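Take a look at the structure set out below.
In the working numbering, the protein residues as written are 578 to 1289.
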């Protein structure tokens, strides 16, 4: 009984969904339509066993309206079609239908007879008292009605005569090609005329295309080992399917399904799913042609798809046995494996793959497929500083692959680390030494030996080992100390790197450190100065100490506490500094100090105090311009600082023909009236240089603008 419920649920959902083309809610009666050249066929069905049983007695009313755009179906003007209401055939009509039926279509006739029997109102009456056995009798009666309802729906979908005999199929010939109609159907119940539940369907009258469902791409095919499987999505257009196969390239076909295959679904399930079929016991690499026909509610089977498929060998060869992975030379790892050729008659060859993790991604290292007789491989691209895992794959002629177990290779390390690089080394005034080393990047790096000597020609002694790498991961810093009260002025260091296999690098470059003294350098001296309206020029004598490396000039504004460093001089040939970062009209104090190569500072030099001149210069203008070939004139454009907008400013314009000539004042103009100036060049003149200067009402001037060179 559960299977019947599944079928009933599936068929009703398929039928009703198909009927809801323009209806917003689930109708009590579902209806679908199909158009032919001269008529329209209607298929409909009551939505419950009780309604179906009632309709068998009172019949169905079918009405038609011409479709009007933007008008709801309920507002259209409907008229009953010819023959409405339509009722279940009488015994005489059934007998006539059987006589006129196609005797060759025995299945359709059997289904019609079955539909006639289960819809007989007399046979449908329950005999006896349905309450005789309590709720059990009621349940059995309900199950009996559900079963008859499901069988009737199946019969009507598979047999035109069954559908017509049950008054579930009507052909309307009173139609015109090209016109679009709306049909509605309801139970013939005049007592509830205002509350009737209608099912609606909209359709255009046009010739029927038997291949309207055909789409060869709708089927998804999986070619397996001696079998073909395929699936296609469910649709409101069909509810079951048949499959045919041709073994001779499409000349003849054999039906594989004895009856339409129906996909069952659980009662209440409304999600989407696929139809599927699997054909087995086939010959690999032989082409087969398949045709899929789908069953519609109009009792016919239409072609959905026609496709070619070929089963393929999916059985992989036996897995190779990776016998060994050995580091035979510094840059060679040899792999040896075994595979019995008799167990793999279709073996094509082997691939070798490598990874740095046992469960990581293995990448192909053998460039081409190795022959099927190969049983070893030499890898020369492995990671000499890392981990190396290997697998061997066997491939057959069908492309199937099997894989060996993973093998790990133990590397024999004979490669020393890179030569150490000392990035910096300093010694302070008390003999403390700091040496910084650029870390080696080898994965098996262990540490350094630090060696020291008082002369390059002496034997170096090991003073420290950093094998445990206790000084950090990014900066290796080595600390040492020496006495300053010795006859040797310098001290020398070098480093040797080791890995965990005690491979030893070559020694680093020798570094030389000069022992620092404790006497500060002689102070520099300020010897002279000069003051302009924009800068202060300080002249000085550098420190006379041989180990002085910097002479520093300091400045502070009078009234402030701290000096600022304004000039660092490491070149003894430089004895003058032009300080332009001053404010005019302010008083400054200058002093100097020296620094030697040991970091010692001299005493402060004599200081001088200076007051800078008040700068009356106004902001310098900007001059741009270009030559116009048509007018044969130079157009000059002036750009003046906005701070001068409130002042009366004049612009002095100068020019000269080349850099050897003298500047000539060609004109003076008011700035507020003239933002540009046009100058005409003499015949044959190829170049001209221009500058401008600003003058305010107090005769304060700006600096001259940058020269503008005009070239023809």
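Ideal Cβ positions, reconstructed from N, Cα and C, are used throughout, including at glycine. Here the structure is a predicted model, which means the values were calculated and not measured.
Can you name, in chain order, every residue of its own chain whose Cβ lies under 7 Å from the Cβ of residue i, other than the five neighbours on each side?
{"i": "residue 1110", "result": "1161, 1190, 1192 and 1194"}
{"i": "residue 963", "result": "933 and 1020"}
{"i": "residue 1183", "result": "1102 and 1103"}
{"i": "residue 1058", "result": "1008, 1009 and 1010"}
{"i": "residue 875", "result": "611, 618 and 620"}
{"i": "residue 1253", "result": "1212, 1213, 1214 and 1215"}
With the cut-off set at 8 Å, would you say residue i and residue j are in Cβ contact?
{"i": "residue 742", "j": "residue 761", "result": "no"}
{"i": "residue 912", "j": "residue 902", "result": "yes"}
{"i": "residue 994", "j": "residue 965", "result": "no"}
{"i": "residue 619", "j": "residue 639", "result": "yes"}
{"i": "residue 1112", "j": "residue 1197", "result": "no"}
{"i": "residue 1171", "j": "residue 1118", "result": "no"}
{"i": "residue 694", "j": "residue 733", "result": "no"}
{"i": "residue 1131", "j": "residue 1122", "result": "no"}
{"i": "residue 1273", "j": "residue 1220", "result": "no"}
{"i": "residue 869", "j": "residue 796", "result": "yes"}
{"i": "residue 990", "j": "residue 1128", "result": "no"}
{"i": "residue 1027", "j": "residue 1040", "result": "yes"}
{"i": "residue 936", "j": "residue 999", "result": "no"}
{"i": "residue 1257", "j": "residue 1210", "result": "yes"}
{"i": "residue 782", "j": "residue 801", "result": "no"}
{"i": "residue 1153", "j": "residue 1114", "result": "yes"}
{"i": "residue 861", "j": "residue 825", "result": "no"}
Run the CB neighbour count on residue i, radius 10 Å, all protein chains shown included, and call it buried at 16 or more, exposed below.
{"i": "residue 976", "result": "exposed"}
{"i": "residue 1284", "result": "exposed"}
{"i": "residue 957", "result": "exposed"}
{"i": "residue 906", "result": "exposed"}
{"i": "residue 859", "result": "buried"}
{"i": "residue 606", "result": "buried"}
{"i": "residue 746", "result": "buried"}
{"i": "residue 651", "result": "exposed"}
{"i": "residue 852", "result": "buried"}
{"i": "residue 914", "result": "buried"}
{"i": "residue 1091", "result": "exposed"}
{"i": "residue 736", "result": "buried"}
{"i": "residue 857", "result": "exposed"}
{"i": "residue 1179", "result": "buried"}
{"i": "residue 1289", "result": "exposed"}
What does DSSP give as the partner residue(s) for residue i in the beta ladder?
{"i": "residue 1035", "result": "In the DSSP output, where bridge partners are listed per residue, residue 1035 has none listed."}
{"i": "residue 810", "result": "851"}
{"i": "residue 642", "result": "759"}
{"i": "residue 1030", "result": "1069"}
{"i": "residue 1278", "result": "1272"}
{"i": "residue 977", "result": "Answer is none; residue 977 lacks a bridge partner."}
{"i": "residue 941", "result": "930"}
{"i": "residue 616", "result": "Note: residue 616 sits in no beta bridge, so no partner."}
{"i": "residue 1128", "result": "1146 and 1171"}
{"i": "residue 904", "result": "910"}
{"i": "residue 879", "result": "871"}
{"i": "residue 1219", "result": "Paired residues: none, contrary to the question."}
{"i": "residue 1265", "result": "1287"}
By Cβ distance below 8 Å, which residues in the same chain neighbour residue i in space, the five residues on each side in sequence not counted?
{"i": "residue 941", "result": "928, 929 and 930"}
{"i": "residue 909", "result": "955, 956 and 957"}
{"i": "residue 1278", "result": "1194, 1195, 1270, 1271 and 1272"}
Given residue i, which residues of its chain have a CB within under 6 Å of its CB, disregarding the five upstream and five downstream residues?
{"i": "residue 1259", "result": "none"}
{"i": "residue 970", "result": "928, 978 and 980"}
{"i": "residue 831", "result": "822"}
{"i": "residue 1074", "result": "994, 997, 1017, 1025 and 1082"}
{"i": "residue 834", "result": "819 and 820"}
{"i": "residue 920", "result": "895"}
{"i": "residue 581", "result": "Below a pLDDT of 50, predicted positions are generally treated as unreliable, and residue 581, at 42, falls in that range; no measurement from the model is reported."}
{"i": "residue 589", "result": "The predicted position of residue 589 is uncertain, since its pLDDT is 47 and thus under 50; a value taken from the coordinates is nonetheless stated next. If we look at residue 589 and ignore the five residues flanking it on each side, it has no Cβ neighbours."}
{"i": "residue 661", "result": "638 and 639"}
Let me check you understand the geometry: is the CB of residue i closer than 7 Å to at least one non-hydrogen atom of the ligand HEM?
{"i": "residue 638", "result": "Within the structure as shown, the ligand HEM is missing, as the structure has no ligands at all."}
Quick test of the definition: if touching needs 3 or more C-beta pairs under 8 Å, does the region 1230-1249 touch the region 1262-1269?
The region 1230-1249 is in contact with the region 1262-1269.
Is it a yes or a no for the region 731-742 touching the region 650-659, going by three-plus beta-carbon pairs under 8 Å?
A contact between stretches requires three or more CB pairs, one per stretch, nearer than 8 Å, and the region 731-742 fails this requirement with the region 650-659.
Would you call the region 870-884 in contact with the region 790-805, where contact means no fewer than 3 C-beta pairs closer than 8 Å?
Contact between the region 870-884 and the region 790-805 is present, because at least three Cβ pairs lie under 8 Å.
Does the pairing of the region 1165-1181 with the region 1004-1020 give three or more beta-carbon distances under 8 Å?
The region 1165-1181 makes contact with the region 1004-1020, as at least three CB pairs between them are under 8 Å.
Should the region 969-988 be regarded as contacting the region 888-902, the criterion being three or more beta carbon pairs within less than 8 Å?
Cβ pair count under 8 Å is three or more, so yes.
Are at least three pairs of beta-carbons, each pair with one atom in the region 661-673 and one in the region 622-639, less than 8 Å apart?
With a cut-off of 8 Å, the region 622-639 and the region 661-673 count as touching, because enough Cβ pairs lie within range.
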